[in-house]
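For reference, the structure discussed in these notes is given below.
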Ligand code: HEC
Ligand code: HEC
């Protein structure tokens, strides 16, 4: 009785407030032209409908986010140029740096891509006619000055020489469509650059000592040369985002500990991200990468990183307590909302029936995917991951736990299947780098993936059924 009495009192209050606010609404000018003092009437259609401020806001954020994703270094040039002196390796001795310099051919071989739309038409013509000397580091410097090298941003001195370089998200998470030549074309944001060799790029830095110093917190005797060997071990399309937290330089089997660069499209609706999930959401990972990987000037908190057993380096250097005390100097935090909106908005490319997959076989594969192959129990159509907690133990996956153990909760994330046809077909990548599935690329082709599921989970799929499933995967 008492409780009911309180509720009904509250209800009455809500009712009164409702009436009052209705009153305010009714008596307020609904937006007619105040200057003319006329309200809506027969000859006056009234005010235009209110603008959709959420949509306008979204468009603005997505556009800002695109600029950040492509061009923002978050102040990380102080690290890549200032500390590691990567710009000097690009310049070479002829231009005030060290070593032979990085020619466009070397840069392309390292998997760096050139945005053709940033090149003036005469230069495009010369490139088409093969009249540009791609063995001359001066040309690389010119391409950087034009802001055309995807993910690499130079700053220049008054005399035109390179002062520093910074890196952006696009370095790894964008490629180009090869419209002019292999490696030179229009940007494809969100497409993992599976030709890029980040390890060899970092290893080219003249001063690798700051990385060695970090790693010595886990491996006290490691030398600069050994650090370079670890970086070179990654190979194209791979980066090790956990190395400078845990110092695990190699897998137990001696293979490289790096993981494939994942696509950054089709991420909307996902709870956990990255191969191992348990780190967190997109804005978590964006702050993590901008501050701890790219070494931008920003703030990053995660007390989990204080675990000295799991992440000896991160704990020793208190990475989980990285703070820019004057918020005006923080070059990351204010960008997280726009960056997240852009990440969530990059559409996944759509495969074409008859070109990228066989439609009839894919239809049969569809039935298998949610039928006897049981893939849909984890890769839920049409999100291709579980709505909710999208993580699985290595035991459930029946694979080793090496990479999972490097993450907070020791699991693997149910990976997005959108756009897997790109890798299977090797679109816009060196044929040598195509395929490669699962976090470490252990499966060369989709057939290898399906074949392994067939064995691991005793699915009893025939060869025909396996091939139908593959066609279905290519249609996603
Ligand atoms: C040097 C290459 C490299 C750069 C630069 C880079 N990333 Fe990544 N990114 C990776 C790799 C590798 C992973 C997978 C990491 C893992 O699973 O441990 C990843 C994963 C991600 C994911 C998770 C995708 C998913 O759902 O699986 C997001 C989001 C992301 N990066 C955003 C960014 C942003 C934002 C930037 C710029 C601030 C950036 N990355 C810069 C290599 C890179
Ligand atoms: C128990 C949950 C689960 C089931 C069932 C499952 N998967 Fe997966 N799938 C995962 C996880 C987790 C990963 C990521 C593994 C890794 O990175 O090592 C993955 C990765 C993949 C990948 C590689 C994605 C990439 O980017 O490299 C493909 C392809 C795939 N699964 C297809 C399938 C197919 C086909 C089936 C059914 C035969 C299936 N999966 C069943 C959880 C599952």
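Residue numbers (this note's numbering): 75 to 550.
Even for Gly, the Cβ is constructed at its ideal location relative to N, Cα and C.
If you're wondering where the values come from, they're calculated on a predicted model, not measured in any experiment.
| Asked | Found |
| --- | --- |
| Through-space distance from residue 290 to residue 296, alpha-carbon basis | 6 Å |
| Residue span of the alpha helix (DSSP H) that contains residue 249, given as start and end | No alpha helix (DSSP H) contains residue 249, which is instead part of the beta strand (DSSP E) from 248 to 250. |
| Outcome for residue 360 when other beta-carbon atoms lying within 10 angstroms are tallied against a minimum of 16 | buried |
| Entirely enclosed alpha helix (DSSP H) segments - the region 163 to 195, minimum 4 residues | 178 to 183 |
| Terminal residues of the beta strand (DSSP E) in which residue 548 lies | Residue 548 -> not in any beta strand (DSSP E); alpha helix (DSSP H) instead, spanning 537 to 548. |
| Straight-line Cα distance separating residue 248 from residue 188 | 11 Å |
| Three-state secondary structure assigned by DSSP to residue 240 | strand |
| When 374, 275, 299, 490 are compared against residue 454, the one with the closest alpha-carbon | 490 |
| C-alpha gap between residue 278 and residue 168, whole angstroms | 17 Å |
| DSSP state of residue 439 mapped onto helix, strand, coil | helix |
| Cα-Cα separation between residue 68 and residue 523, rounded to whole angstroms | Outside the displayed span of the chain (75 to 550) sits residue 68, for which this structure offers no information. |
| Pair within 8 Å by beta-carbon distance, residue 386 and residue 321 | yes |
| Backbone CA spacing between residue 410 and residue 244 [nearest angstrom] | 15 Å |
| For residue 518, the nearest candidate out of 199, 499, 342 (CA to CA) | 499 |
| Alpha-carbon spacing of residue 550 relative to residue 495, whole angstroms | 8 Å |
| Terminal residues of the alpha helix (DSSP H) in which residue 262 lies | No alpha helix (DSSP H) contains residue 262, which is instead part of the beta strand (DSSP E) from 261 to 263. |
| Three-way DSSP call (helix, strand, coil) for residue 223 in this model | strand |
| Cβ neighbour criterion (16 or more within 10 Å) applied to residue 547 | buried |
| N- and C-terminal bounds of the alpha helix (DSSP H) containing residue 286 | 283 to 289 |
| Residue from 184, 528, 217, 210 with nearest C-alpha to residue 198 | 217 |
| Residue interval of the alpha helix (DSSP H) (run including residue 425) | Counting along the chain, residue 425 falls outside any alpha helix (DSSP H), and DSSP gives it neither H nor E. |
| Distance, residue 507 Cα to residue 434 Cα | 29 Å |
| Simplified DSSP assignment, three categories, for residue 118 | strand |
| CB contact flag (residue 339, residue 493, <8 Å) | yes |
| Proximity test, residue 316 beta-carbon vs ligand 2 heavy atom, cut-off 7 Å | no |
| Residue 531 Cβ short of 7 Å to ligand 1 heavy atom set | no |
| Check: residue 487 C-beta below 7 Å from any heavy atom of ligand 2 | yes |
| Beta-carbon proximity check, residue 356 vs residue 417, cutoff 8 Å | yes |
| Residue 541 versus residue 439: straight-line alpha-carbon distance, rounded | 8 Å |
| Pair within 8 Å by beta-carbon distance, residue 298 and residue 283 | yes |
| Rounded straight-line distance, which links the Cα of residue 539 to that of residue 241 | 44 Å |
| Inter-residue Cα distance where the pair is residue 363 and residue 280 | 23 Å |
| Per DSSP, the bridge partner or partners of residue 334 | 312 |
| heavy atom of ligand 3 below 7 Å from residue 417 C-beta | For the structure depicted, ligand 3 is absent and the ligand set comprises only ligand 1 and ligand 2. |
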